[in-house]
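Numbering (our numbering), first residue to last: 40 to 486. Below is one structure, written out as structure tokens; the observations come after it.
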């Protein structure tokens, strides 16, 4: 492959990941304003859940389609889904229409992320792959530092719709840069003659189960809550047992402990991160710009934590670093309850939530390395899928639970402070549970 083509592909993949990162992080800042406009507190959590469930299915499906048909077709489909999702969300006239747009964005972003890693494996030499993976990961760094503030500023000045619509040209640029190069990559790649058994049905089943659990949490009829919730739990548990390694529930040493820790990490972090902007808006009357600035500390802390983990991981040991990260994360979620007091300045929350981000940064990469490193090269695809499903599962379940609490407060006499306080307490408990799982990863490191 010519050097120019490789560079264009690198830029295209970087922009694809950056676009999904910016959009994902921006929504948390905009959503309190959107929910006020559409009177949509009842669907606040669902806005996150539908995105991640679509993301889960597309992550699995894109990798399998790439093995069967190459990269170009699924990448184009992902770009189209992401762009149409931006347009639908940007022109939404209700929370339900916003949910449709978010689902399409989630599908597109899952395809972008999945195919970016596949493209690196196929297009670059072994010597350049490490640098390319680092470049793709960097696609999350800059958006994490500017997205909340920029999205808040745009929402305050010209309106939240322009955050979505303003990203449409970027989707076109990604296609122009990446697709011609992916055609060349496909022509030089050998597709699978006998593809492995599909994991798409399992991904769909898990998404359907979480969807039923989410729907149950929003119902006011006890029989519907019970029936939908039980059906959803049965589907999710049965599907996870087929997909996940044995010993997940007991955090068996090795990959099961790493995946259990990852579920706890995503649930605990997002259990607070989802709702800090909402508290800043409703309790403190903060502008969207200030809301975004409030959660910016988590991004700063996360990047500092990752920097520390890379440099000190071998010396300290992941079996110590991961539980310590969870304890720091728990300290961040617990201390950030202060945002529920109107008398506490929001700069305090910036500091407390930067502590939560620091803990997440310390533990995130080690759990990835342990989860992937404890598997054989032949099972790397399965291990990657398991980690992705763990992320989505932890993210979605906490979004559903926290969203249900906000919905309950919207429909009853329960105060929003009590609902959000319950979400923060639950996030703290989950983080402390993750510390237990983190202590059991030591054999995987020494294996």
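Note that CB positions come from ideal geometry on N, CA and C, so glycine has one too. Just so we're clear, the structure is a prediction, and the values are computed from it rather than from any experiment.
Extent of the continuous alpha helix (DSSP H) run through residue i
i           : result
residue 374 : 357-374
residue 463 : 455-477
residue 101 : 83-108
residue 201 : 200-204
residue 154 : 134-162
Three-way DSSP call (helix, strand, coil) for residue i in this model
i           : result
residue 238 : coil
residue 129 : helix
residue 220 : helix
residue 450 : helix
residue 182 : helix
residue 313 : coil
residue 260 : coil
residue 187 : helix
residue 353 : helix
residue 245 : helix
residue 211 : helix
residue 283 : coil
residue 329 : helix
residue 227 : coil
residue 272 : helix
C-alpha gap between residue i and residue j, whole angstroms
i           : j           : result
residue 346 : residue 406 : 15 angstroms
residue 468 : residue 226 : 51 angstroms
residue 377 : residue 311 : 12 angstroms
residue 461 : residue 265 : 21 angstroms
residue 466 : residue 164 : 42 angstroms
residue 355 : residue 364 : 12 angstroms
residue 284 : residue 294 : 7 angstroms
residue 196 : residue 327 : 10 angstroms
residue 185 : residue 208 : 19 angstroms
residue 372 : residue 291 : 26 angstroms
residue 159 : residue 52  : 9 angstroms
residue 222 : residue 274 : 39 angstroms
residue 91  : residue 361 : 25 angstroms
residue 444 : residue 252 : 14 angstroms
Cβ neighbour criterion (16 or more within 10 Å) applied to residue i
i           : result
residue 386 : exposed
residue 260 : exposed
residue 132 : exposed
residue 450 : exposed
residue 430 : buried
residue 108 : exposed
residue 276 : exposed
residue 324 : exposed
residue 333 : buried
Contact belief for residue i with residue j at Cβ below 8 angstroms, rounded distance in angstroms
i           : j           : result
residue 476 : residue 399 : Not really, about 15 angstroms apart at Cβ, beyond 8 angstroms.
residue 93  : residue 149 : 7 angstroms
residue 206 : residue 62  : 6 angstroms
residue 307 : residue 439 : With 8 angstroms as the limit, residue 307 and residue 439 do not qualify as a contact, their Cβ atoms being about 15 angstroms apart.
Heavy atom of the ligand PLP within 6 angstroms of residue i beta-carbon
i           : result
residue 240 : For the ligand PLP, the structure offers nothing, since it holds no ligand at all.
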